[in-house]
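Worksheet for the structure shown next.
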Amino acid sequence: MKEEIFLYFIGTAGSGKSTLTNTFKRWMELRSVDVVTVNLDPGAENLPYEPDVDIRDWISLKEIMDTYELGPNGAQIACADMIALNTSDIKKSIESFKTDYVLMDTPGQLELFVFREAGKYIVEFLNPQRSIIAYLLDHALAKTASGFVSQQLLSINTSFRLNKPQINILSKADMLSKQEMENVQRWSEEPEELYQAISKEEPSIYREMSEGILQIIQGFGKNTRLIPTGKEKYMGVEDVYTEIQLQFEGGEDLMKD
Ligand SMILES: Nc1nc2c(ncn2[C@@H]2O[C@H](COP(=O)(O)OP(=O)(O)O)[C@@H](O)[C@H]2O)c(=O)[nH]1
Ligand SMILES: [Mg+2]
Numbered sequence: 056m057k058e059e060i061f062l063y064f065i066g067t068a069g070s071g072k073s074t075l076t077n078t079f080k081r082w083m084e085l086r087s088v089d090v091v092t093v094n095l096d097p098g099a100e101n102l103p104y105e106p107d108v109d110i111r112d113w114i115s116l117k118e119i120m121d122t123y124e125l126g127p128n129g130a131q132i133a134c135a136d137m138i139a140l141n142t143s144d145i146k147k148s149i150e151s152f153k154t155d156y157v158l159m160d161t162p163g164q165l166e167l168f169v170f171r172e173a174g175k176y177i178v179e180f181l182n183p184q185r186s187i188i189a190y191l192l193d194h195a196l197a198k199t200a201s202g203f204v205s206q207q208l209l210s211i212n213t214s215f216r217l218n219k220p221q222i223n224i225l226s227k228a229d230m231l232s233k234q235e236m237e238n239v240q241r242w243s244e245e246p247e248e249l250y251q252a253i254s255k256e257e258p259s260i261y262r263e264m265s266e267g268i269l270q271i272i273q274g275f276g277k278n279t280r281l282i283p284t285g286k287e288k289y290m291g292v293e294d295v296y297t298e299i300q301l302q303f304e305g306g307e308d309l310m311k312d
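Below is the structure:
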């Protein structure tokens, strides 16, 4: 029997999760890899793809707002917890496809999935062994040295909360200049370079904090490779796919052609 790999796209609001879900799906379909998309955002509007499994079939943000007289933020929190109550149905629905890959597009705001118990519960319930996180660092927040450190901290937080293999992605890399891209790549690979870049920033409490945080990050040994992706020409998708294959199949490819 087939056993699916669950790939969770996680990142701050607007970091490109839904877009990358779509890019990945199209790339995989071109290569005849069986893939299913799952939308976990009950408030999603205008998704760039048609999800195969959609939390909006069970939970509607609008209905929760009306029923419980909540604003959009309160309703999002209520929905995040309610998703966990529907996990069993979601699992059945995913299993009915008998697929190889399940692309999980998580709710807009990262904290709804990462910091609340429901997110961890969903990952564990669906498949504790064959789940991997694609963490999206937003290009706009990662292009200064201290911004990069704060994004790394969120990535580590995600890893700490969900405790699954994790690939770090630099999303919307097509929007960075060549110089910015080189900086970010260097910082991700050479902690010393990042340290240097921070010490060149204006002296401030923020800079001091960045230096302290950087030491913690290094203590975790989390200076892993950052894979740039962009929505044109499937930029970076093959590299991410290869990482996943290495993690679960020892490099054996599921592609049929
Ligand atoms: N240039 C560029 N824009 C992107 C890319 N990925 C997403 N976007 C844009 O960024 C915005 C937010 O993307 P979305 O996928 O909805 O983010 P999400 O909130 O994380 O799901 C949209 O306007 C996308 O068109 C990318 O790789 N390159
Ligand atoms: Mg989205």
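Residue numbering for the sequence shown follows this note's numbering, beginning at 56 and increasing consecutively.
Glycine included, C-beta positions come from ideal geometry on N, C-alpha and C.
Just so it is clear, the structure is predicted and the values come from calculations on it, not from any experiment.
Original post:
Beta-carbon separation of glutamate 237 and lysine 198 under 7 Å?
Top reply: In this structure, lysine 198 does not lie closer than 7 Å to glutamate 237 by Cβ.
**OP:** Select from Leu209, Arg81, Glu266 and Asn77 the residue whose C-alpha is nearest the C-alpha of glutamine 164.
**Re:** Leu209
Subject >> Unbroken stretches of the beta strand (DSSP E), 3 residues or longer, contained in the region 58-140 >> reply: 60-66 and 90-94
Subject >> Within 7 Å, strictly: CB atoms of asparagine 94 and isoleucine 110 >> reply: yes
Subject >> Under the three-state DSSP convention, the category serine 259 falls into >> reply: coil
Original post:
For the 8 Å Cβ check, are there 3 or more pairs between the region 259-269 and the region 200-208?
Top reply: They touch, by the three-pair rule.
Original post:
Is serine 73 near ligand 1, judged by its Cβ being under 6 Å from some heavy atom?
Top reply: yes
**OP:** Just grab the DSSP bridge partners of leucine 225 for me.
**Re:** Leu192 and Pro283
Original post:
Any heavy atom of ligand 2 closer than 6 Å to the CB of glycine 174?
Top reply: no
Original post:
glycine 274 and proline 283: beta carbons closer than 7 Å?
Top reply: Not a contact, by the Cβ cut-off of 7 Å.
Original post:
Apart from the five residues just before and just after arginine 280, which ones in its own chain have a Cβ nearer than 8 Å to its Cβ?
Top reply: Asn223, Ser243 and Glu244
Original post:
Whose C-alpha, out of Lys80, Val90, Asp89 and Ser214, is nearest the C-alpha of lysine 103?
Top reply: One point to set straight first is that residue 103 is proline, not lysine, in the sequence displayed. Of Lys80, Val90, Asp89 and Ser214, the residue nearest in Cα terms is Lys80.
Original post:
With respect to the beta strand (DSSP E) encompassing aspartate 160, which residues constitute its N-terminal and C-terminal limits?
Top reply: 156-160
Subject >> CB contact flag (methionine 159, histidine 194, <7 Å) >> reply: no
Original post:
Going by the C-beta, is lysine 227 closer than 6 Å to any heavy atom of ligand 1?
Top reply: Under cutoff, so the answer is yes.
Original post:
Are there 16 or more other CB atoms within 10 angstroms of the CB of alanine 130, so buried, or fewer, so exposed?
Top reply: Classification of alanine 130: buried, given that the 10 Å Cβ count is 16 or more.
**OP:** Compute every distance between the C-beta of lysine 286 and the non-hydrogen atoms of ligand 1, then say whether any falls below 6 Å.
**Re:** yes
**OP:** Return the chain-ordered list of same chain residues with a C-beta closer than 8 Å to the C-beta of glutamate 84, the five sequence neighbours on each side being excluded.
**Re:** Around glutamate 84, the same chain offers Val90 as residues with beta carbons nearer than 8 Å, after the five sequence neighbours per side are excluded.
Original post:
Which residues in the same chain have their Cβ closer than 8 Å to the Cβ of isoleucine 187, if we skip the five residues on either side of it in sequence?
Top reply: Ile60, Phe61, Leu62, Tyr63, Lys219, Pro220, Gln221, Ile222, Ile299, Gln302 and Phe303
**OP:** Check the C-beta distance from leucine 191 over to serine 73 and give it rounded, since I have them as a contact under 8 Å.
**Re:** With 8 Å as the limit, leucine 191 and serine 73 do not qualify as a contact, their Cβ atoms being about 11 Å apart.
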